[in-house]
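Sequence positions in the sequence shown follow our numbering and run 3 to 482.
Structure first, then comments.
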Amino acid sequence: MRVPTRLSRDPDFKTLPAEVEADLGPAAQNLPMVAVVGRPNVGKSTLFNRLIGRRRAVVHDRPGVTRDRNIAPAEWDDVPFLCVDTGGYETELEDPLIEGVLEQVRMAVAEADVIILIFAAGEWSHPADESIVRLLRPVDKPVFVVVNKCDNETEELASAEFYRFGFEKIHPLSAMHGRGVADLMLDVLVALRGVEAPAHPGHAHEAIALAIVGRQNVGKSTLLNQLAGGPRVITSDLPGTTRDAIDLVVEAPGGRRFTLIDTAGIRRRGKIERGIERLSVGSAMFSMRRADVAALVLDAVQGLTDQDAHIAGYCEDYGLATIVLVNKWDLVEKDHRTADAFTDRLQREWPFLKYAPVLYLSALTGQRTRRVFELAQRVHANTNRRIATHELNERLEEWVGRKPPHIRRNRRPKIRFITQTGVGPPTFTLFVNDPTLIHFSYRRYLTNRLRETYDFEGAPIRLQLRLNRPRPDDPRINVD
Numbered sequence: 003m004r005v006p007t008r009l010s011r012d013p014d015f016k017t018l019p020a021e022v023e024a025d026l027g028p029a030a031q032n033l034p035m036v037a038v039v040g041r042p043n044v045g046k047s048t049l050f051n052r053l054i055g056r057r058r059a060v061v062h063d064r065p066g067v068t069r070d071r072n073i074a075p076a077e078w079d080d081v082p083f084l085c086v087d088t089g090g091y092e093t094e095l096e097d098p099l100i101e102g103v104l105e106q107v108r109m110a111v112a113e114a115d116v117i118i119l120i121f122a123a124g125e126w127s128h129p130a131d132e133s134i135v136r137l138l139r140p141v142d143k144p145v146f147v148v149v150n151k152c153d154n155e156t157e158e159l160a161s162a163e164f165y166r167f168g169f170e171k172i173h174p175l176s177a178m179h180g181r182g183v184a185d186l187m188l189d190v191l192v193a194l195r196g197v198e199a200p201a202h203p204g205h206a207h208e209a210i211a212l213a214i215v216g217r218q219n220v221g222k223s224t225l226l227n228q229l230a231g232g233p234r235v236i237t238s239d240l241p242g243t244t245r246d247a248i249d250l251v252v253e254a255p256g257g258r259r260f261t262l263i264d265t266a267g268i269r270r271r272g273k274i275e276r277g278i279e280r281l282s283v284g285s286a287m288f289s290m291r292r293a294d295v296a297a298l299v300l301d302a303v304q305g306l307t308d309q310d311a312h313i314a315g316y317c318e319d320y321g322l323a324t325i326v327l328v329n330k331w332d333l334v335e336k337d338h339r340t341a342d343a344f345t346d347r348l349q350r351e352w353p354f355l356k357y358a359p360v361l362y363l364s365a366l367t368g369q370r371t372r373r374v375f376e377l378a379q380r381v382h383a384n385t386n387r388r389i390a391t392h393e394l395n396e397r398l399e400e401w402v403g404r405k406p407p408h409i410r411r412n413r414r415p416k417i418r419f420i421t422q423t424g425v426g427p428p429t430f431t432l433f434v435n436d437p438t439l440i441h442f443s444y445r446r447y448l449t450n451r452l453r454e455t456y457d458f459e460g461a462p463i464r465l466q467l468r469l470n471r472p473r474p475d476d477p478r479i480n481v482d
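Next comes the structure, spelled out in structure tokens:
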């Protein structure tokens with residue numbers, strides 16, 4: 003198989019397939035792309051995790067675990083690139099989503115600059131190997147052939163069996179133990195140095211990480227595809243379709259960039275099955291922790307469920323700016339009061355998430371989906387809002403004068419000072435004579451005053467208490 007020239011990408015393609023880390027920034031969209039392909043269960047995800055230097059893709063002995071393209075930045079010998087993990091290319095695999103998996107593999111091959119084709123040692127005559135070789139023969143770009151699971155010299159010698167496909171060079175290696183990976187990457191880097199990166203305009207702002215979360219089968223992946231403007235991830239009516247947390251950078255109208263994070267559906271802990279589902283849910287929970295904004299997707303037809311409330315609680319616990327998206331709104335019989343009634347019920351049953359704006363949409367038809375970017379950008383700005391200390395203390399004096407804290411245990415609480423000590427979420431520290439004297443209801447009162455005075459829509463507010471005994475001449479607030 004010859005080493006050909008690079009296939010140019012479409013310069014008008016606005017969907018930037020990358021997990022943009024803080025240290026990469028906009029430069030990630032200019033990086034060359036290396037795709038790892040092969041049939042199921044040959045070790046593609048294991049090699050992918052080793053190349054990017056961390057355990058990103060879900061790895062399991064069961065074949066067919068990876069379905070969508072999983073893309074992350076990598077670096078080898080100071081050469082940065084994007085690495086793409088793909089689902090197993092197997093036309094006969096017993097999976098109702100197989101056609102979607104195959105299409106994702108074809109798209110990865112079309113977008114990549116360099117391809118790594120993986121076989122498995124000891125499995126010399128698998129019919130799926132023939133299929134993937136036929137797919138790659140007409141491809142006009144560098145293809146490097148790997149025989150994985152070669153843990154010793156005997157297996158390395160036996161890997162020569164794969165020369166029957168007509169390859170000029172084969173790399174025997176063990177992705178799990180790292181044996182032979184450096185030799186492979188020496189050749190890959192030579193090919194990458196010949197790739198001319200496309201020019202893209204710079205961006206003034208870092209991408210907002212928007213995690214699309216919810217329980218299974220509420221339409222998270224369909225929404226991501228709608229926001230991305232194309233079939234980026236596999237969608238299906240079958241629950242549990244998404245397994246890896248998929249990151250995708252898109253440019254919204256107005257030029258603001260978003261990292262969309264599609265996550266696996268989260269079920270109750272007691273109902274999560276061991277193995278693949280547990281790994282997928284763990285990946286989804288980790289993705290929520292690294293997000294800036296959470297888009298909580300609900301099913302308008304099924305209404306609110308206990309599991310929806312659990313996931314909403316995770317958003318609040320993690321301090322995420324949150325928007326609530328009621329999907330499948332096109333399937334609901336409604337009148338002019340239906341949306342208001344749903345919102346009233348949501349705020350009544352989830353009082354802890356009253357601050358989150360609610361948007362009614364249809365991911366399938368695209369109804370109101372473009373407003374997701376507008377809402378996410380707004381709540382992201384709110385969760386990073388800072389209030390001047392002098393202004394806060396002027397307001398605090400008004401609030402405390404209007405409603406002083408109650409005496410507890412024959413002692414009067416004294417509130418002396420307030421200052422903002424953090425953003426994302428907005429965090430305020432209240433200095434008092436004794437934190438145990440401030441009842442939780444009074445903390446809630448002050449939190450509500452902060453929210454009604456300043457625009458913190460979509461942002462959880464943290465109010466901390468701290469012991470403080472001021473000097474007699476301290477000019478700060480001292481409510482007796």
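All C-beta atoms in this analysis are idealised placements derived from N, C-alpha and C, irrespective of residue type, glycine included.
A quick note: this is a predicted structure, and the numbers were derived from the prediction, not measured.
Query - the segment 329-348 contacting the segment 251-263, beta-carbon criterion three pairs below 8 Å - result: no
**Report entry** Coil, strand or helix - Val220 by DSSP
**Finding:** Working through the sequence shown from its first residue, we reach residue 220 at position 218. It is coil, neither helix nor strand.
Report task. Taking Pro75 as the reference, give the member of Gly460, Gly89, Ala209, Gly55 with the closest Cα. Result -> Here residue 75 is taken as the residue at index 73 of the sequence shown, counted from 1. Nearest C-alpha to Pro75: Gly55.
Report task. Throw me the rounded Cβ distance for the Gly460 and Tyr357 pair, which I believe falls under 8 Å. Result -> As a working note, residue 460 is residue 458 in the sequence shown. As a working note, residue 357 is residue 355 in the sequence shown. Gly460 to Tyr357, Cβ: 6 Å. Contact.
Query raised in the report: Can you list the alpha helix (DSSP H) stretches of 4 or more residues lying completely in the segment 316-370, in chain order?
Result: 340-351
Query raised in the report: Taking the alpha carbon of Ile417 as the point to measure from, which residue in Gly424, Glu157, Glu113, Ile440 has its own alpha carbon closest?
Result: Numbered from 1 along the sequence shown, position 415 holds the residue referred to as residue 417. Taking only the C-alpha atoms, the option nearest Ile417 is Ile440.
Query raised in the report: Do you know offhand how far Ala296's Cα is from Asp142's?
Result: Position 294 of the sequence shown holds residue 296. Position 140 of the sequence shown holds residue 142. Computed Cα separation, rounded: 41 Å.
Requested in this report: Would you please verify whether the beta carbon of Ala297 is less than 8 Å from any beta carbon of chain B?
Outcome: In summary, chain B is missing from the structure at hand, where a single protein chain is found.
Query - Glu170 to Met109 span [Cα, whole Å] - result: In the sequence shown, the residue the question calls residue 170 occupies position 168. In the sequence shown, the residue the question calls residue 109 occupies position 107. The alpha-carbon atoms of Glu170 and Met109 are separated by roughly 25 Å.
Query - Counted within 10 angstroms of its Cβ, other Cβ atoms place Arg468 as buried (16 or more) or exposed - result: As a working mapping, residue 468 is identified with position 466 in the sequence shown. The residue is exposed, with fewer than 16 neighbouring Cβ atoms inside 10 Å.
Query - Boundaries of the beta strand (DSSP E) in which Arg41 is found, first to last residue - result: Taking the sequence shown and counting its residues from 1, one reaches residue 41 at position 39. It is not in any beta strand (DSSP E) - Arg41 carries neither H nor E in the DSSP assignment.
Report task. Could you work out which residue in Glu158, Asp153, Gln304, Leu138 is closest to Gly168 when comparing CA atoms only? Result -> The count along the sequence shown starts at 1 and reaches residue 168 at position 166. Of the listed residues, the one whose Cα sits closest to Gly168 is Leu138.
Report task. Report the partner residues of Pro75 according to the DSSP bridge assignment. Result -> Translated into the one-based positions of the sequence shown, residue 75 becomes position 73. DSSP lists Leu84 as partners of Pro75.
Requested in this report: Given a cut-off of 8 Å, decide if Gly40 and Ile117 are closer than it, judged by their beta-carbon atoms.
Outcome: Along the sequence shown, one-based indexing puts residue 117 at 115. Along the sequence shown, one-based indexing puts residue 40 at 38. In this structure, Gly40 does not lie closer than 8 Å to Ile117 by Cβ.
Requested in this report: List the whole-angstrom C-beta distance separating Arg453 from Ile463, where the pair is believed to meet the contact cut-off of C-beta under 8 Å.
Outcome: Counting from one through the sequence shown, the residue named residue 453 turns up at place 451. Counting from one through the sequence shown, the residue named residue 463 turns up at place 461. Confirmed, about 6 Å.
**Report entry** Local conformation of Ala314 per DSSP, three classes
**Finding:** Looking up residue 314 in the sequence shown gives position 312. Looking at Ala314 - three-state DSSP - the assignment turns out to be helix.
**Report entry** Cutoff 6 Å; reference Asn386; Cβ partners in own chain excluding five residues on either side
**Finding:** Numbered from 1 along the sequence shown, position 384 holds the residue referred to as residue 386. Answer for Asn386: Val425, Gly426, listed in chain order.
Query raised in the report: Tell me which same chain residues have a C-beta within less than 8 Å of the C-beta of Val36, skipping the five on either side of it?
Result: Your numbering for residue 36 matches position 34 in the sequence shown. Hits under 8 Å: Leu53, Ala76, Phe83, Leu84, Cys85, Val86, Ala114, Asp115, Val116, Ile117, Ile118, Val190, Leu194.
Query raised in the report: Any idea what DSSP makes of Gly424, helix, strand or coil?
Result: Taking the sequence shown and counting its residues from 1, one reaches residue 424 at position 422. It is a strand residue.
Query raised in the report: So His392 is in the alpha helix (DSSP H); what residue range does that whole segment cover?
Result: Counting from 1 along the sequence shown, the entry for residue 392 is found at position 390. Its alpha helix (DSSP H) spans residues 391-404.
Query raised in the report: What three-state label does DSSP hand Pro415 in the structure shown?
Result: Mapped onto the sequence shown, residue 415 falls at position 413. It is coil, neither helix nor strand.
Query raised in the report: Closest by CA to Gly89, which one among Leu322, His392, Ile73, Ala314?
Result: For the purposes of this step, residue 89 is taken as the residue at position 87 of the sequence shown. Selected option, being the one with the closest Cα: Ile73.
Query - Own chain residues within Cβ distance below 6 Å of Tyr362, not counting five before or after - result: Position 360 of the sequence shown, counted from the start, is the residue given in the question as residue 362. Here the set comprises Val328, Trp331, Ala341.
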